[in-house]
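Student: The UniProt record's numbering applies: residue 1 is where the sequence shown begins, and numbers increase by one.
The beta-carbon is built from N, C-alpha and C at its ideal position, and this holds for glycine as well.
Please read through the structure below; I'll follow up with questions.
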Amino acid sequence: MPTNGDLTVLVTGDAGTGEPPQYAVAAAARRLAQEKGYSLALGLGDNLYLDGAESSDDDEFQTKFELPNAGIDVPWLMILGNHDTSGLMPGGGDGPERGDFEVAYHENSSRWYMPHRYYSVPLPSAAPAPVVEFFALDTNPVASFLPQRNPYYAWDGSFMQEQRAWLDARLSESRARWKIVMAHHPYINNGPYGNAGEYNGITQDDYASGKHLKELYEQLVVGRADLILSGHDHCSQVLAPVQGTQQIVCGAAAHTEGGQSKITNEYYWQDFGRHGFMTLGISAESVVIDAYLVESTDPATAMATHAFSHTIRG
């Protein structure tokens, strides 16, 4: 892990298709690295479309992670998306055992970092007061399209009780200047899925609505963390803060929505029709969010075009 407090962090989401757009976005990010130099990278879930891994040495780890990201040789903090935990249908989010293979792959790769389904990384790790701490969550048990079949992973089961208690304690104990939560499913979101608590226009279901995820965000995260980084919707959004917590949606690393905003949460910038990624420039004084768009789907020629910048200051 980086030992310096000044970091340049690559942010990608919903990348793992193995198709030309993924390779093109990764190639553009790799070319930008020659200018910026990344300290760290983040993968915001849906790492292995469509169904997730079938073992910890599944070939898809190579074709959908290692090969497209060759040359971006920094630690990648990874989280689980609904396609990584497919059960009865692709992307159902009701097959948590598939997520265990991605956790196990942590031991097989020098770049893939996922020691647990949820974890935190303070940086610099040796500092008594880190500049930043990343809190990586598994939101699938409270936002799956289909109900969880294993009671341990039910929305009110032991796994979520343990994760909630852990997150509450870690956020309380953290001395980091910046606290950044990584969670595949967003809190607020102008894309087609909409906001937690009303995903896809559903408000009553314990799973598909995301209403219990909304509770988690509002009880534990909003007002305590500086940023929530999510994917899920295949677009790029820099939304306005809610009680001091800013939502970023960065899920266009391999897909695009090809549409327009569905909900009008206040936002600073958003794009629904083009592939892209973001970077975070983190120091003790500020976090600079830069959004990049990638027009080409040809890895040989793909370049990143700077589209937007926003600075959060302490």
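Report back the beta-carbon spacing between Ala302 and Ala24 to the nearest angstrom; my notes put them in contact at under 8 Å.
Tutor: Translated into positions along the sequence shown, residue 302 becomes position 302. Translated into positions along the sequence shown, residue 24 becomes position 24. About 4 Å; that satisfies the 8 Å criterion.
Student: Check each candidate in Ile289, Val9 and Asp51 and name the one with the smallest Cα separation from Gly99.
Tutor: As a working note, residue 99 is residue 99 in the sequence shown. Of Ile289, Val9 and Asp51, the residue nearest in Cα terms is Asp51.
Student: With a Cβ-Cβ cutoff of 7 Å, do residue 330 and Phe277 count as a contact?
Tutor: Nothing about residue 330 can be reported from this structure: the residues present for the chain run from 1 to 314 only.
Student: How many Å lie between Gly43 and Pro75 at the Cα?
Tutor: Here residue 43 corresponds to residue number 43 of the sequence shown, with the count starting at 1. Here residue 75 corresponds to residue number 75 of the sequence shown, with the count starting at 1. Approximately 10 Å between the Cα atoms of the pair.
Student: Within the chosen definition, does the region 204-218 reach the region 137-147 through at least 3 CB pairs nearer than 8 Å?
Tutor: Verdict: yes, contact present.
Student: Grouping DSSP H, G and I as helix and E and B as strand, with all else coil, what is Lys262?
Tutor: Counted from its first residue, the sequence shown places residue 262 at position 262. In the structure shown, Lys262 sits in coil (DSSP, three-state: anything other than H, G, I, E or B).
Student: Among all the DSSP beta bridges, which residues are the ones paired with Pro122?
Tutor: In the sequence shown, counting from the first residue as 1, residue 122 sits at position 122. Pro122 pairs with Glu133.
Student: Can you list, in chain order, the residues of its chain whose CB lies under 7 Å from that of Pro241, leaving out five sequence neighbours each side?
Tutor: Within the sequence shown, the letter at position 241 stands for residue 241. Correct list: empty, nothing qualifies.
Student: Assign Ala33 to buried or exposed, taking buried as 16 or more other Cβ atoms, counted over all protein chains shown, within 10 Å of its Cβ.
Tutor: Walking along the sequence shown from the start, residue 33 turns up at place 33. Looking at its Cβ environment, which holds 16 or more other Cβ atoms inside 10 Å, Ala33 is buried.
Student: So what's Arg111 in DSSP terms, helix, strand or just coil?
Tutor: On the sequence shown, position 111 is the one that residue 111 refers to. Coil, per DSSP.
Student: Assign Arg177 to one of two classes, buried (16 or more other C-beta atoms within 10 Å of its C-beta) or exposed (fewer than that).
Tutor: The sequence position of residue 177 within the sequence shown is 177, counting from 1. Buried: at least 16 other Cβ atoms inside 10 Å.
Student: Within the same chain, show all residues whose beta-carbon is closer than 7 Å to that of Asn150, passing over the 5 residues directly before and after it, in chain order.
Tutor: The residue given as residue 150 occupies position 150 in the sequence shown. Pro96, listed in sequence order.
Student: Could you tell me the alpha carbon to alpha carbon distance between Asn314 and Asp290, rounded to whole angstroms?
Tutor: Taking the sequence shown and counting its residues from 1, one reaches residue 314 at position 314. Taking the sequence shown and counting its residues from 1, one reaches residue 290 at position 290. Looking at the sequence shown, residue 314 is not Asn but Gly. Looking at the two C-alpha atoms, the distance is approximately 18 Å.
Student: Should the region 147-163 be regarded as contacting the region 45-65, the criterion being three or more beta carbon pairs within less than 8 Å?
Tutor: No, the region 147-163 does not touch the region 45-65.
Student: Quick one: complete beta strand (DSSP E) runs, 3+ long, within the region 47-123?
Tutor: Runs found: 76-78 and 119-123.
Student: What whole-angstrom Cβ distance do residue 365 and Thr245 have, given they're in contact under 8 Å?
Tutor: Within the shown structure, residues of the chain are numbered from 1 to 314, placing residue 365 beyond reach of any answer.
Student: Taking the continuous beta strand (DSSP E) assigned at residue 361, which residues delimit it?
Tutor: For residue 361 there is no data in the structure shown, the boundaries of the chain being 1 and 314.
Student: CA-CA distance, His306 and Val294?
Tutor: Locating residue 306 in the sequence shown gives position 306, where the first residue counts as 1. Locating residue 294 in the sequence shown gives position 294, where the first residue counts as 1. Roughly 9 Å between the two C-alpha positions.
Student: I'd like to confirm the pairing. Which residues does DSSP put opposite Tyr217 in its beta bridges?
Tutor: Position 217 of the sequence shown, counted from the start, is the residue given in the question as residue 217. According to DSSP, which records beta bridges pairwise, Tyr217 is partnered with nothing at all.
Student: I'd like to know if the region 77-87 and the region 98-113 are in contact, where contact means that at least 3 CB-CB pairs between them fall below 8 Å.
Tutor: As far as the Cβ criterion goes, the region 77-87 touches the region 98-113, which means the pair count is three or higher.
Student: Return the CA-CA distance between Lys36 and Thr8, expressed in angstroms with no decimal places.
Tutor: Mapped onto the sequence shown, residue 36 falls at position 36. Mapped onto the sequence shown, residue 8 falls at position 8. Distance between the alpha carbons of Lys36 and Thr8 is about 7 Å.
Student: The alpha helix (DSSP H) with Phe277 in it runs from where to where?
Tutor: Counting from one through the sequence shown, the residue named residue 277 turns up at place 277. Per DSSP, Phe277 belongs to no alpha helix (DSSP H); it is in the beta strand (DSSP E), His275 to Ile282.
Student: Helix, strand or coil for Met160 per DSSP?
Tutor: Here residue 160 refers to the residue found at position 160 when the sequence shown is read from its first residue. Of the three classes helix, strand and coil, the one that applies to Met160 here is helix, per DSSP.
Student: Pull up the CB-CB distance for Thr311 and Leu10, whole angstroms please, since I reckon it's below 8 Å.
Tutor: On the sequence shown, position 311 is the one that residue 311 refers to. On the sequence shown, position 10 is the one that residue 10 refers to. No, Thr311 and Leu10 are not in contact; Cβ-Cβ is about 18 Å, not under 8 Å.
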